[in-house]
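For reference, the structure is listed below as structure tokens.
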Amino acid sequence: MKAENVNVSGYLTFMVCDDTKCLPPTDVEFEFNFGEPTKNNSENNEVNIQNIEESNLNLYGFLPEQIKEQTSECDIENETVIENKDNSLLSIFLLGILGGFLALLTPCVFPMIPLTVSFFTKKNENDNGISNAILYGFFIFLVYIILSIPFHLLDSVNPDILNDISTNIYLNVLFFLVFLVFAFSFFGYFELTLPSSWTSKSASQESKTGFIGIFFMALTLAIVSFSCTGPILGTLLAGSLSGDSGAWELTAGMGGFGLALGLPFALFAMFPNVLNKLPKSGGWLNTIKVSLGFIELALALKFLSNADLVAHWGILKIELFLALWFIIFFLLGIYLIGKIRFPKEVKLEKISGLRLLSAILAFGFSVYLASGLIYDKEKQSYNALSLLSGLAPPLGYSYFSPKDCPNDLDCFKDLKTGIEYAKKQGKPILLDFTGYACVNCRKMEEHVWPLPEVDKVLRDNFVLISLYVDDKKELPEFDQLYVKRTSGVGTRKLENYGHKWAHFQASYFGVNSQPFYLIMDPNTYQILNDPVGYMPDANEYISFLECGLSEFKSLKEK
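Throughout the sequence shown, residue numbering follows our numbering, covering 3 to 560 in sequence.
Right, here's the structure in full:
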């Protein structure tokens with residue numbers, strides 16, 4: 003470096019781990035000057051966070067210490083968990099099983115079943131051959147479980163990281179493009195394969211005896227079938243990233259997928275006579291593959307919609323989204339009756355009963371999608387489609403009937419403004435921690451809040467403050483402060499509104515999942531009853547609202 007006063011700046015990220023967990027990563031900024039000495043930027047960070055109380059007051063208007071814990075005795079009977087993980091994990095596990103069975107019916111996997119089972123049973127016609135086939139099925143399951151392990155390392159480093167990934171604008175656009183590639187691969191325009199060297203290395207280990215050889219046979223199957231299983235696994239991965247349970251949802255999904263994929267190999271080894279009843283490979287396998295291509299095309303729009311919502315582009319609103327889905331599934335129906343052909347397909351001479359039924363279902367779903375574009379004048383909104391909750395954009399995200407708040411409620415998206423309004427109105431506040439890409443949030447807003455009995459309680463008795471934890475809109479410069487991480491170790495910079503509200507939720511209430519509903523007295527910051535998360539039962543949700551309202555009124559009378 004011959005030039006004078008050369009500055010080199012950047013930041014160093016480190017983390018500390020033990021044998022059970024890792025602390026969140028810490029960023030330390032640095033700057034080296036090879037001429038005149040300069041002040042380290044980390045000192046400026048310390049200036050920004052030296053008065054945590056002042057930062058919290060500037061950002062939120064009150065301190066965590068001012069919050070009073072709830073003392074209500076009117077808790078709802080069926081207590082809803084703040085993080086309802088069990089149902090979520092079961093759902094993703096079942097979806098994984100469904101994905102695994104779909105993968106079995108693709109041209110890359112289905113022909114392998116009789117070949118592999120015959121290899122084990124004929125090679126050794128005693129119990130050892132059957133046990134090896136069962137072990138082979140187990141190792142297929144294990145391979146897919148292993149694939150989810152790296153995401154647990156990410157999740158332990160920072161509980162918010164998978165949610166940050168799922169709402170990242172660029173990553174969602176990337177997912178959109180990847181799913182387009184998956185779709186056209188399923189249509190037969192090209193094949194997606196992993197590097198042949200991977201297959202060769204894995205296959206070379208199959209000759210080893212014992213467990214190791216069988217494991218590498220399972221690994222080889224996973225690699226060579228990637229052109230068919232890859233898009234389905236990609237769907238599981240992308241869907242799990244946005245779940246409340248983080249990496250565990252991915253493990254559940256991968257486990258279900260591996261179980262469904264490996265189970266037939268074990269079962270057919272135990273009952274080899276059933277193999278003779280399997281349908282022969284043929285064009286029907288390619289039909290399933292192409293049909294999955296249409297589904298991948300529809301799912302691609304979901305990720306473009308996520309990016310559009312969090313970035314406020316205003317491109318893919320509810321009308322266009324539903325219209326595109328209608329076209330996709332209508333074309334699927336046209337394909338199934340043989341009016342569209344893709345590469346490597348021959349002219350359809352006869353439509354089977356199952357294929358005709360599938361076409362009717364595709365056309366029926368198209369009609370269902372079209373019904374979502376019917377405008378309800380009484381509700382001043384489009385019809386909510388329960389099957390698309392969380393997939394389609396919010397009903398208020400519209401070209402022709404835009405609504406700033408769900409169900410056309412009066413809501414605030416700024417905490418301090420909402421609290422001041424609630425003080426003037428003499429009403430409790432309902433803090434709604436939500437997200438543009440939050441599936442369960444959409445289900446609550448489109449299928450629970452619009453119910454007349456829920457709508458009346460919300461509209462008449464509460465000041466709703468909706469805080470979007472994935473809002474990528476940049477904060478004003480004076481709000482871009484360095485704050486302590488919720489773990490207490492290290493600092494982070496709040497750069498956008500999503501950062502601000504996610505930090506508020508985690509540091510003030512110790513929760514980082516959405517939806518999260520909390521009723522509070524705006525004057526005393528008293529939490530009026532137990533907060534709740536996703537609660538699809540309208541009666542339970544009304545009980546939660548009325549419990550908080552009753553406590554608010556009783557405190558006012560004291």
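Beta carbons are placed, not taken as given, at the ideal position from N, Cα and C, and that holds for glycine.
Given the structure is predicted, the values throughout are model-derived calculations rather than measurements.
Using only CA atoms, which one of P152, F511, K319 lies nearest to L433? Residue mapping note: residue 433 aligns to position 431 of the sequence shown, counting from 1. It is F511 whose Cα lies nearest to the Cα of L433.
Are G374 and L324 closer than 7 Å when you measure CB to CB? Counting from one through the sequence shown, the residue named residue 374 turns up at place 372. Counting from one through the sequence shown, the residue named residue 324 turns up at place 322. Going by C-beta atoms, G374 is nearer than 7 Å to L324.
Between R343 and K349, which are expected to be in contact by the criterion C-beta below 8 Å, what is the C-beta distance as a whole number of angstroms? On the sequence shown, position 341 is the one that residue 343 refers to. On the sequence shown, position 347 is the one that residue 349 refers to. Confirmed, Cβ separation roughly 7 Å.
Mind checking which residues open and close the alpha helix (DSSP H) that includes T626? Since the first residue shown for the chain is 3 and the last is 560, residue 626 is missing from the structure and cannot be characterised.
When you compare only the Cα positions, how much space is there between K304 and L176? Within the sequence shown, numbered from 1, the residue matching residue 304 stands at position 302. Within the sequence shown, numbered from 1, the residue matching residue 176 stands at position 174. Cα to Cα, the separation comes out at about 12 Å.
Would you identify the three-state DSSP class for T436, choosing helix, strand or coil? In the sequence shown, the residue the question calls residue 436 occupies position 434. Collapsing the DSSP output to three states places T436 in a strand.
Residue range of the beta strand (DSSP E) that L466 falls in? For the purposes of this step, residue 466 is taken as residue 464 along the sequence shown, with counting starting at 1. Start and end: 465-470.
Report the CB separation of E455 from I544 in whole angstroms; it is logged as a contact under 8 Å. The sequence position of residue 455 within the sequence shown is 453, counting from 1. The sequence position of residue 544 within the sequence shown is 542, counting from 1. Taking C-beta atoms under 8 Å as the contact rule, E455 and I544 qualify, at a distance of about 6 Å.
For K445 and P538, I'd like the C-alpha separation in whole angstroms. As a first step, residue 445 must be located in the sequence shown, where it is residue number 443. As a first step, residue 538 must be located in the sequence shown, where it is residue number 536. Cα to Cα, K445 sits roughly 8 Å from P538.
Is D416 helix, strand or coil by DSSP? Translated into the one-based positions of the sequence shown, residue 416 becomes position 414. Here D416 sits in coil by DSSP.
For G98, is the classification buried or exposed, using 16 other Cβ atoms within 10 angstroms of its Cβ as the cut-off for buried? Translated into the one-based positions of the sequence shown, residue 98 becomes position 96. Taking all protein chains in view, the Cβ of G98 is crowded by 16 or more other Cβ atoms within 10 Å, so the residue is classified as buried.
Locate the beta strand (DSSP E) running through Y484, then write down its first and last residues. On the sequence shown, position 482 is the one that residue 484 refers to. From DSSP, the beta strand (DSSP E) with Y484 extends over 484-486.
Own chain residues within Cβ distance below 6 Å of L469, not counting five before or after: As a first step, residue 469 is located in the sequence shown; it is residue number 467 there, counting from the start. The residues F435, W503, in chain order, have a CB closer than 6 Å to that of L469 in the same chain once the five nearest residues on each side in sequence are set aside.
Environment of E553 [buried if 16+ CB atoms lie within 10 Å]: As a position in the sequence shown, residue 553 is number 551, starting the count at 1. A residue is called buried when at least 16 other Cβ atoms come within 10 angstroms of its Cβ; E553 meets this threshold and is buried.
Hey, how far is the Cα of Y536 from the Cα of C407? The residue given as residue 536 occupies position 534 in the sequence shown. The residue given as residue 407 occupies position 405 in the sequence shown. Each residue's alpha carbon lies about 18 Å from the other.
Rank S150, R461, Y438 by C-alpha distance to the C-alpha of A254 and give the top, closest one. To locate residue 254, count along the sequence shown from 1; it is residue 252. Of S150, R461, Y438, the residue nearest in Cα terms is S150.
Any idea which residues DSSP pairs F518 with across the strands? Here residue 518 is taken as the residue at index 516 of the sequence shown, counted from 1. When beta bridges are read from the DSSP output, F518 appears opposite F435.
With a cut-off of 8 Å, do at least 3 Cβ pairs link the region 291-306 to the region 267-277? No, they do not touch.
Can you list, in chain order, the residues of its chain whose CB lies under 8 Å from that of A540, leaving out five sequence neighbours each side? Stepping through the sequence shown from its first residue, residue 540 is reached at position 538. So the list reads V450, L453, E455, V456, once near-sequence residues are dropped.
CA-to-CA distance, N442 to Y370, given in whole angstroms: Looking up residue 370 in the sequence shown gives position 368. Looking up residue 442 in the sequence shown gives position 440. In a straight line, the C-alpha of Y370 is about 21 Å away from that of N442.
Going by alpha carbons, who is nearest to P430 out of N525, R357, Q382, P478? If you number the sequence shown from 1, residue 430 lands on position 428. The candidate whose alpha carbon is nearest that of P430 is N525.
Please return the same chain residues whose Cβ sits closer than 8 Å to the Cβ of N498, not counting the five positions on each side in sequence. The residue labelled residue 498 in the question sits at position 496 within the sequence shown. Excluding residues within five positions, the ones whose Cβ falls inside 8 Å are D473, K474, K475, E476, L477.
Cα-Cα separation between L557 and L61, rounded to whole angstroms: Position 555 of the sequence shown, counted from the start, is the residue given in the question as residue 557. Position 59 of the sequence shown, counted from the start, is the residue given in the question as residue 61. Taking the straight line from one Cα to the other gives about 28 Å.
When we look at the beta-carbon of Q516 and count the other beta-carbons within 10 Å, is it buried (16 or more) or exposed? The residue you call residue 516 lines up with position 514 of the sequence shown. With 16 or more other Cβ atoms within 10 Å, it is buried.
Closest to C110 by C-alpha separation, out of C230, A185, F218, would be which residue? On the sequence shown, position 108 is the one that residue 110 refers to. Nearest to C110 by alpha-carbon distance, out of C230, A185, F218, is C230.
Kindly give me the distance between the Cβ atoms of I69 and Y527, rounded to whole angstroms, as I take these residues to be in contact under 8 Å. Along the sequence shown, read from residue 1 onward, the residue named residue 69 stands at position 67. Along the sequence shown, read from residue 1 onward, the residue named residue 527 stands at position 525. For I69 against Y527, the beta-carbon gap comes to about 5 Å, under 8 Å, which counts as contact.
What are the start and end residues of the alpha helix (DSSP H) that includes R357? The residue labelled residue 357 in the question sits at position 355 within the sequence shown. For R357, the enclosing alpha helix (DSSP H) stretches over residues 355-373.
Within its chain, find whatever has a CB closer than 8 Å to the CB of F367; leave out the 5 residues flanking it on each side and keep chain order. Locating residue 367 in the sequence shown gives position 365, counting from the first residue. Shown here for F367: same chain residues with a beta carbon closer than 8 Å to its own, the five before and five after excluded, namely F331 in chain order.
Top-ranked residue by Cα proximity to L265, from M114, C440, I142, L92: Mapped onto the sequence shown, residue 265 falls at position 263. Of the candidates M114, C440, I142, L92, the residue whose Cα lies closest to the Cα of L265 is I142.
How close, in whole Å, do the beta carbons of F259 and L221 come, if the pair is a contact with beta carbons under 8 Å? As a first step, residue 259 must be located in the sequence shown, where it is residue number 257. As a first step, residue 221 must be located in the sequence shown, where it is residue number 219. About 15 Å separates the beta carbon of F259 from that of L221, a gap too long to meet the 8 Å contact definition.
Quick check on I2: does DSSP put it in helix, strand or coil? Look at the range of the chain in this structure, 3 to 560, and you will see that residue 2 is not part of it.
If you run the structure through DSSP and keep just helix, strand and coil, what is T169? Along the sequence shown, one-based indexing puts residue 169 at 167. In the three-state reduction of the DSSP assignment, T169 falls in the coil class.
Using C-beta distances below 7 Å, list every residue in its chain close to V276, excluding the 5 sequence neighbours before and after it, in chain order. On the sequence shown, position 274 is the one that residue 276 refers to. F270.
Along the beta strand (DSSP E) that carries K474, what are the first and last residues, could you check? As a position in the sequence shown, residue 474 is number 472, starting the count at 1. Careful: K474 lies outside any beta strand (DSSP E) and carries neither H nor E.
Can you list, in chain order, the residues of its chain with a C-beta nearer than 6 Å to that of E321? Leave out the 5 residues immediately preceding and following it. Here the question's residue 321 lines up with position 319 in the sequence shown. Its chain contains Y401 as the residues whose beta carbon lies nearer than 6 Å to that of E321, once the 5 sequence neighbours on both sides are disregarded; these appear in chain order.
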